[in-house]
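Chains B and X supply the protein sequences, listed in that same order.
Residue 257 in the working numbering sits at position 257 of the first sequence, with consecutive numbering throughout.
If you want the working numbering, it's the position in the second sequence, counting the first as 1, plus 374.
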Amino acid sequence: MASAYSKEQLLTMYRKMYLLRRFEERAGQQYGLGKIAGFCHLYIGQEAVAVGANEAIRPDDYMLSAYRDHGQPLARGSDAGMVMAELFGRGTGYSKGKGGSMHIFDIEHNFYGGYGIVGGQIPLAAGMAFASRYRNEDRVTVCFFGDAAANQGAFHETLNMAAKWKLPVIYICENNRYGMGTAIARTSAVPEIHKRASAYGIRGEAVDGMDVLKMYEAVKDAAAYCRAGNGPVLLEANTYRFRGHSMADPANYRTKQEVEDERKNDPLPKLRAYIVAQKLAKDADFEAIEEAEKAVVDAAVKFADESPEPSLDELWRDTIVEPGEQDVRPRERVLGVKVTQWPSYPSGQELKVTWDLEPREQAEQADRKAGLIR
Amino acid sequence: MPELMYREALNQALAEEMERDANVFLIGEEVGRYNGAFKVSQGLLDRFGSARIIDAPISELGFAGMSAGAAMVGLRPVVEMMTWNFAILAMDQIVNNAAKLRHMSGGQLRCPIVFRGPGGAGGRLSSQHSQALEANYAHFPGLKVIAPATPADAKGLLKSAIRDENPVIMFEGERLYAVKGEVPEGEHIVPIGKADVKREGTDVTLITWSRMYYFCMEAAEALAKEGISVEVLDLRTLRPLDEEAILASVRKTNRAVICEEGWALAGIGASVVDLIQSKAFDDLDAPVARVTGLDVNMSYAANLENATQPDAPKIIAAVKKVLYREGA
Numbered sequence: 001m002a003s004a005y006s007k008e009q010l011l012t013m014y015r016k017m018y019l020l021r022r023f024e025e026r027a028g029q030q031y032g033l034g035k036i037a038g039f040c041h042l043y044i045g046q047e048a049v050a051v052g053a054n055e056a057i058r059p060d061d062y063m064l065s066a067y068r069d070h071g072q073p074l075a076r077g078s079d080a081g082m083v084m085a086e087l088f089g090r091g092t093g094y095s096k097g098k099g100g101s102m103h104i105f106d107i108e109h110n111f112y113g114g115y116g117i118v119g120g121q122i123p124l125a126a127g128m129a130f131a132s133r134y135r136n137e138d139r140v141t142v143c144f145f146g147d148a149a150a151n152q153g154a155f156h157e158t159l160n161m162a163a164k165w166k167l168p169v170i171y172i173c174e175n176n177r178y179g180m181g182t183a184i185a186r187t188s189a190v191p192e193i194h195k196r197a198s199a200y201g202i203r204g205e206a207v208d209g210m211d212v213l214k215m216y217e218a219v220k221d222a223a224a225y226c227r228a229g230n231g232p233v234l235l236e237a238n239t240y241r242f243r244g245h246s247m248a249d250p251a252n253y254r255t256k257q258e259v260e261d262e263r264k265n266d267p268l269p270k271l272r273a274y275i276v277a278q279k280l281a282k283d284a285d286f287e288a289i290e291e292a293e294k295a296v297v298d299a300a301v302k303f304a305d306e307s308p309e310p311s312l313d314e315l316w317r318d319t320i321v322e323p324g325e326q327d328v329r330p331r332e333r334v335l336g337v338k339v340t341q342w343p344s345y346p347s348g349q350e351l352k353v354t355w356d357l358e359p360r361e362q363a364e365q366a367d368r369k370a371g372l373i374r
Numbered sequence: 375m376p377e378l379m380y381r382e383a384l385n386q387a388l389a390e391e392m393e394r395d396a397n398v399f400l401i402g403e404e405v406g407r408y409n410g411a412f413k414v415s416q417g418l419l420d421r422f423g424s425a426r427i428i429d430a431p432i433s434e435l436g437f438a439g440m441s442a443g444a445a446m447v448g449l450r451p452v453v454e455m456m457t458w459n460f461a462i463l464a465m466d467q468i469v470n471n472a473a474k475l476r477h478m479s480g481g482q483l484r485c486p487i488v489f490r491g492p493g494g495a496g497g498r499l500s501s502q503h504s505q506a507l508e509a510n511y512a513h514f515p516g517l518k519v520i521a522p523a524t525p526a527d528a529k530g531l532l533k534s535a536i537r538d539e540n541p542v543i544m545f546e547g548e549r550l551y552a553v554k555g556e557v558p559e560g561e562h563i564v565p566i567g568k569a570d571v572k573r574e575g576t577d578v579t580l581i582t583w584s585r586m587y588y589f590c591m592e593a594a595e596a597l598a599k600e601g602i603s604v605e606v607l608d609l610r611t612l613r614p615l616d617e618e619a620i621l622a623s624v625r626k627t628n629r630a631v632i633c634e635e636g637w638a639l640a641g642i643g644a645s646v647v648d649l650i651q652s653k654a655f656d657d658l659d660a661p662v663a664r665v666t667g668l669d670v671n672m673s674y675a676a677n678l679e680n681a682t683q684p685d686a687p688k689i690i691a692a693v694k695k696v697l698y699r700e701g702a
């Protein structure tokens, strides 16, 4: 049977997943060497989620994530050297070394950040989706969060609003089964996160997050649904992190057997086997891809290592926007690459808001029905 | 110049800014069909529609964060907190997201948003509804904090806040909404960061903001009858502090009393004292005094409520103390 995907599509997914894997392995190694400090949450094992989702949406769609946030920007096309430089705390990082591992931002690629407070980015995503509707744009916002974030008030408050106002946002719960060191089933009355969608009357689905093609299909479908004005979607990507919560976590709370079993679901060999079965590429093709991505990561580490620390004047920048101050375009500043897709927003005079969030007539009818007005 | 109530001045500022810029929207509990819990948004739903005057669910953290997200991509939300007491629930979004987005992104993002609502003691609302929480927000880099006392300043500062590229926290006086004053029509802008000498004097500077301004003026009038000339400096903006204005006034009068509704410990007045003693110590003829709310939670009982808050007699006593008159 012929594949529903082109060779290029499949190899792009493989290449990106391999980049994420290799990048994180090297990040872990550099953490061990003391080049990276603070909290460093690796994405190893979860690559299919970010890559499958990213390939299913448009470059101008918005994306944001939590603190396990190296994978998503790399999937979007961010510069690996600048992400690594951010982990190293160097002035050439995306946030000039002010954010570190948990706060990667690359607005040029519509990646609106990693956030360090569990669930704190969930309302932000709804706001970005709200802005899309407000301006009659058909963009969707994809927001990643962990399973433990689904117990935060921010999750419930936001899903209620997103559902009520039909906001075009796809919430992707990366259920890796542990909130730090606590198994999700120990802290959640309903550990199947997607079922919570029913509480808000929205669409909720579970997806095999270890299969990049299943992720791709689910997000593609969800994006079309959101763009058509149907409101938010809650996807639960069942995945697994092969490493601990952060570099400081030896992950003693799970058995060796469990990790070994999950490693059999590694999304990289799974996709590779599929591509080979479809006779779209041979082992030599994969080796070439892997060598190229290894070189990208090697160069990223070298770039980060050779980059200077931020200048001390930077202490006094980027806290408050001073009058007339321009926003920083990182790749242009660091690599001299011309930035072509920096967001521009319509001025208030040009903007026509035609959206009726709560049509008056409808609301009054509802009130009448409820006997509130006669 | 027309006389308006404080709430009407705010309403005018909102309407004018929404007219000028379609990126501006108002969200909060009861702001739409109910016309605002304190009637600040009276009539705005009919004028601007439900996409721009949004009745939010009672989810302070949720809609504060949602609005910050909208601001990240270029809208200019005004978030009404029914009171700042409830906004404590939203503090994570205000502090951990809105205030830090620019910094964490290394200058890629901006978050032009206004969080506004009534603060300070209500009329016998007990401890959960009667708190002056300005100091909590003034503590955080990345935020601007304003607290106007008069209707004219309320209008001018709100307009500045909406046009500001940063998150601005606006404390309105819950008991000031019905206060009347002259308000310039149309384009009236009060810059953020500028204090105002509301009353000139030579003997002592009274430094204050928001509702305490009225007690300070009352005290100043009473003291004038005793031959004491009081200068009243209304800070209007609490972050950034107008250091120049504070120092200039203290250098002129050589004595200062700070009056704030909030608690003394880690209060804004403590920072003002620090500023004065570190930069104008040689100009002082007496230690700087503070009049603050008592270090207790607010009671319901009328006499206890009154005793908890600063008032004109307490301010008069403090002024006399720094002048080495009675009670020194």
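Note that beta-carbon positions come from the ideal geometry of N, C-alpha and C, so glycine has one too.
- In the three-state reduction of the DSSP assignment, B:ARG227 falls in the helix class.
- Assigned with DSSP and collapsed to three states, X:PRO451 falls in strand.
- Rounded to whole angstroms, the gap between the alpha carbons of B:GLU361 and B:THR319 is 45 Å.
- Looking at the DSSP output, B:TYR171 bridges to B:CYS143 and B:LEU234.
- Listed along chain X, no residue sits closer than 9 Å to B:ILE172 by beta-carbon distance, the nearest being about 16 Å off.
- For B:ILE373, the secondary structure class from DSSP, reduced to helix, strand or coil, is coil.
- Near chain X, meaning a CB-to-CB distance below 7 Å, the residues of the segment 82-113 of chain B are TYR94, SER95, LYS96, LYS98, GLY99, HIS103, PHE105, ILE107, TYR112 and GLY113.
- Contact between X:LEU483 and B:ILE275 is absent: CB atoms are separated by about 38 Å, not below the 8 Å threshold.
- For the C-beta of B:LEU124, the chain X residues within less than 7 Å are, from N- to C-terminus, GLY439, ALA442, GLY443, MET446 and ASN471.
- Closest by C-alpha distance to X:GLY410, out of X:GLY480, X:SER584, X:SER433 and X:GLU454, is X:GLU454.
- Between X:LEU580 and X:VAL557, the beta carbon gap of about 24 Å keeps them out of contact (Cβ cut-off 8 Å).
- The DSSP-derived three-state label of X:GLY494 is strand.
- Distance from the Cα of X:VAL646 is smallest, within the candidate group X:ALA509, X:GLY560 and X:ALA444, for X:ALA509.
- Secondary structure note for X:PHE545: its beta strand (DSSP E) is the uninterrupted segment 542-547.
- Here the segment 150-163 of chain B does not lie against the segment 203-222 of chain B, with fewer than 3 beta-carbon pairs under 8 Å apart.
- If you check the CB distance, X:ILE401 and X:ILE428 come in under 8 Å.
- The beta strand (DSSP E) runs of length 3 or more contained entirely in the segment 413-467 of chain X are, from start to end of the chain, 427-429 and 450-454.
- For X:ASP648, the three-state secondary structure derived from DSSP is helix.
- Annotation for B:TYR18: the continuous alpha helix (DSSP H) segment containing it runs 7-32.
- Scanning B:GLU291, B:ASP261 and B:ARG135 for the CA closest to the CA of B:LEU357 turns up B:ARG135.
- B:VAL328 has a beta carbon lying within less than 8 Å of a beta carbon in chain X.
- Residue pairing from DSSP places X:GLN505 in a beta bridge opposite X:GLY494.
- Beta-bridge partners assigned by DSSP to B:SER65: B:GLY114.
- Non-local beta-carbon contacts of B:ILE117 in its own chain, meaning distances under 6 Å to residues more than five positions away in sequence, are absent.
- Annotation: the continuous alpha helix (DSSP H) that includes B:VAL334 extends over 330-335.
- When 7 Å is used as the limit between beta carbons, X:ARG394 is near these residues of chain B: GLY348, in chain order.
- The beta carbons of X:GLU634 and X:GLY643 sit closer together than 8 Å.
- The continuous alpha helix (DSSP H) containing B:ILE275 extends over residues 267-277.
- Going by C-alpha positions, X:ALA521 is about 14 Å away from X:ARG381.
- Measuring C-alpha to C-alpha distances from X:THR611 to each of X:LEU388, X:GLU377 and X:PRO565 identifies X:PRO565 as the nearest.
- X:THR682: member of the alpha helix (DSSP H) spanning 676-682, first to last residue.
- In this structure, X:LEU609 lies away from X:LEU384, with their beta-carbon atoms at least 8 Å apart.
- CA-to-CA, the gap between B:ARG26 and B:ALA281 works out to about 27 Å.
- Remark: C-beta atoms of B:TYR253 and B:GLY179 do not approach each other more closely than 8 Å.
- Using a Cβ-Cβ cut-off of 8 Å, B:TYR134 counts as an interface residue toward chain X, since at least one Cβ of chain X sits closer than that to its own.
- Proximity of the segment 240-249 of chain B to the segment 224-231 of chain B falls short of the contact definition, fewer than three beta-carbon pairs being nearer than 8 Å.
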